Structure formats: C-alpha cells, structure tokens
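Numbering (the numbering used here), first residue to last: 3 to 304.
Beta carbons are placed, not taken as given, at the ideal position from N, Cα and C, and that holds for glycine.
Note that this is a predicted model, so its numbers are computed, not measured.
Contents: one structure, followed by commentary.
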Amino acid sequence: MIVEVDGLSVSFRTGLWRRRLQALQNVSLSVREGDFLALLGPNGAGKSTLMYCMLGLLRPSAGSVRMFGQAPQLGGALYGRMAYLPEEPNYHDYLTVEESVTYYGALYGRHVEPRTARDWLERLGMAEFKQLRLAKCSKGMKQKVGIIQCLLNEPRLVFLDEPMRGLDPVTVKQFRDILIEMNRNGATIVMNSHILSEVEQVATRVAILDRGRLVAEQDVKSLRQVESDGYSVEIEGGSGLPDHFERQGEAAGATVGRVAVERLYDFFDSAREREVRIVSCQRQRATLEESFLRVLKEGPHA
C-alpha cells in the first residue's frame, strides 16, 4: 500500500467556549499503488483534514498514517517522491512565472532542466506569461503554476486539494488529460473535489466522508449501480413511436426515451414493425452524483 490510514480521529477546540469539534472519527482506508482516489463529501465532512493527516501536516488525536510504509515526518526523504497542491496556495509574488516554476521544482533537491519547465509552461498555456510576476497573475494562472510544480519531478504520489478550482474549461480539460496520463503511467493520485462530473471522468475509486466518518469506500464503477428497471434508448425515423417507449426528449436529431426491462423485446418488435431505427440502447446507470447523494442518505455503506 502507498498510504495506510488506521483508526484516524481528529478533534479541535473551537468557539468562545472552546467546545470540542470532532473533525474525523475512526477513519481507516488504504490507497493502493496506481489508485486514483477521490475524497468526496459535503462541506465540513473532513476531507481536507484527512488529507492534511496523510501529508503529515496535522497530527491526529488518535490513529496513525503511513506513507510508503513509513510514518510521515516533515522534511523526510519520502517527500521527494510526492507532490501536493493545496486549495489556496501561497506564492512568493515577486517571482515571475518561469522563476517560480524553476524555484519550486528545485525544492525537491533535483535540478530542473529549463527545457522541461518550458515544455510544461507551453502545455498549460503559460509560456507567453513566463516573465509576468505572480503578483499580476489571476487566480487561475497561479493555479496553473501550482499544477506545473506538482508535475515537474514525476512524483509517485500526488495530493490535490480542489485542483480544478479557478480554472477555465479549456485548462480543466488539459489538466484532466494530464492526470489520466500520469495515473496510467503509474502515479498514485489522491484528490479532494466537489466537482463530481470531473471526478467521474478521472477517479478509479472514491472514499465518501460525512460528518467526519467514512461512509463508503468503493470503485467508481461499482458505486454507480445499474438501475434495475429500465434502458435508455435513442431512436430515429419510422412511423410514430414504438410501443412501450416513454419519450423523454430530443438529442442531436434523435428521440430519447426509456423502456422498461420487462418490455424490451416487445419494444424491439414494435420498432421493427414501424421501421424505427434504434441508435442506442443501454442499461440505465446512476451518475456519480446520484450515487453520492444516495450514499449520504443511506449512511455507512458496506
């Protein structure tokens, strides 16, 4: 295992009366080599707290964390094999974009080839701004700098806290493709995100937290359960709608609808008689968002 979390609990004293807030309660999970694990949950669920404990930035009240088989010790050698992009990174604003990428990359203790830095700046559309000081950069541009410094040294383990925040749609697509490529090449990624549509496209596993408790830990495919009562169907042409077809709308010139499982073969017969062309027919599946909301409603998941 790359990361092992065992019985982790974290509590804080908050407010005027110093009441105790339980941020994490007996959380245990494992991150396997090659995983793309997304930490999901509503605001205040404990996602960032869990990530801070994994990174060794926060000492838990109880339980333990091990990375690469070792307890994380700040400044230790194991940090040379990982990268971290916080939700709200703070930079040396007097540096230029190119200087900051080179400087932060060099903190790993290895020389960063200028060509490597230039290639990443080019890939994320920052080459034309390389001489711009960070103080003049937008939030999205600073986020790109953080992304580049995470990627420069080809880390084995990457932690990302809300990495898509502040990015334009083009950069989101670029970054998504980079993450998928990194994961396929062997990097293990742990990501905290509220954008479930993006998580669904990149993550292989999810861990769902609610009020400090781990309520589900599953592969994305198994979490998105097959709906048992229907098929999603697209049809074109013919003389009218086939029997047993519940029309739901239009998409790219095709009529979209639903057919109940027990009526599928009757629908095929009717479509043939009416000379209707079936464009697609697939079992309905819940989206990750629907599955996420179901898990929160049902509570702890086996």
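- Message: With a threshold of 6 Å on Cβ separation, who are the neighbours of G65 within its own chain once the five nearest residues in sequence on each side are excluded?
- Response: Here residue 65 refers to the residue found at position 63 of the sequence shown. Excluding sequence positions up to five before and after G65, its CB lies within less than 6 Å of the CB of D8, G9, L10, S11, all in the same chain and listed in chain order.
- Out of curiosity, what's the CA-to-CA distance linking L162 and R178? What you label residue 162 is simply residue 160 of the sequence shown in a count that begins at 1. What you label residue 178 is simply residue 176 of the sequence shown in a count that begins at 1. Each residue's Cα considered, the two are about 12 Å apart.
- Would you kindly work out how many angstroms separate the C-alpha atoms of N28 and E292, rounded to a whole number? Taking the first residue of the sequence shown as position 1, residue 28 is located at position 26. Taking the first residue of the sequence shown as position 1, residue 292 is located at position 290. Rounded to the nearest whole angstrom, the C-alpha separation of N28 and E292 is 26 Å.
- Use the C-beta contact count for P116: other C-beta atoms within 10 angstroms, 16 or more gives buried, fewer gives exposed. Reading the sequence shown from its first residue, position 114 is the one you call residue 116. P116 should be labelled exposed.
- Query: Does the segment 98 to 117 come close enough to the segment 139 to 152 to have 3 or more Cβ pairs within less than 8 Å?
  - Reply: Three or more Cβ pairs drawn from the segment 98 to 117 and the segment 139 to 152 lie within less than 8 Å of each other, which places the two stretches in contact.
- Task: Would you be able to state if there are at least three C-beta pairs under 8 Å between the segment 265 to 276 and the segment 178 to 187?
- Result: These segments do not touch.
- With distances taken Cα to Cα, identify the nearest neighbour of L60 among A85, Q72, S13. Within the sequence shown, numbered from 1, the residue matching residue 60 stands at position 58. For the residues A85, Q72, S13, the minimum Cα distance to L60 belongs to S13.
- Please report how far the alpha carbon of Y96 lies from the alpha carbon of Q133, in whole angstroms. Working through the sequence shown from its first residue, we reach residue 96 at position 94. Working through the sequence shown from its first residue, we reach residue 133 at position 131. Rounded to the nearest whole angstrom, the CA to CA distance from Y96 to Q133 is 11 Å.
- For the alpha helix (DSSP H) that V222 lies in, which residues bound it at each end? The count along the sequence shown starts at 1 and reaches residue 222 at position 220. Counting along the chain, the unbroken alpha helix (DSSP H) around V222 starts and ends at 222 to 225.
- Message: What does the Cβ neighbour count give for V172, buried or exposed, with the cut at 16 atoms within 10 Å?
- Response: Position 170 of the sequence shown, counting from 1, holds the residue named residue 172. Counting Cβ neighbours within 10 Å, V172 comes out exposed, since fewer than 16 surround it.
- Would the beta-carbon of T98 fall within 8 Å of that of R135? Working through the sequence shown from its first residue, we reach residue 98 at position 96. Working through the sequence shown from its first residue, we reach residue 135 at position 133. In this structure, T98 sits near R135, with a CB-CB distance shorter than 8 Å.
- Query: Hey, quick one: how far does the beta strand (DSSP E) through D212 stretch, first residue to last?
  - Reply: Within the sequence shown, residue 212 is the residue found at index 210, counting from 1. Its beta strand (DSSP E) spans residues 207 to 212.
- As assigned by DSSP and simplified to three states, the class of M143: For the purposes of this step, residue 143 is identified with residue 141 of the sequence shown, where counting begins at 1. In this structure, M143 counts as helix in the three-state DSSP scheme.
- Task: Label E90 either buried or exposed according to how many other C-beta atoms from any shown protein chain fall within 10 Å of its C-beta, with 16 as the threshold for buried.
- Result: Taking the sequence shown and counting its residues from 1, the one referred to as residue 90 is at position 88. With fewer than 16 other Cβ atoms from the protein chains shown falling within 10 Å of its own Cβ, E90 counts as exposed.
- Straight-line gap, V232 to L42 (C-alpha atoms, nearest Å): Taking the sequence shown and counting its residues from 1, one reaches residue 232 at position 230. Taking the sequence shown and counting its residues from 1, one reaches residue 42 at position 40. Checking the sequence shown, residue 232 turns out to be Gly, not Val. Taking the straight line from one Cα to the other gives about 28 Å.
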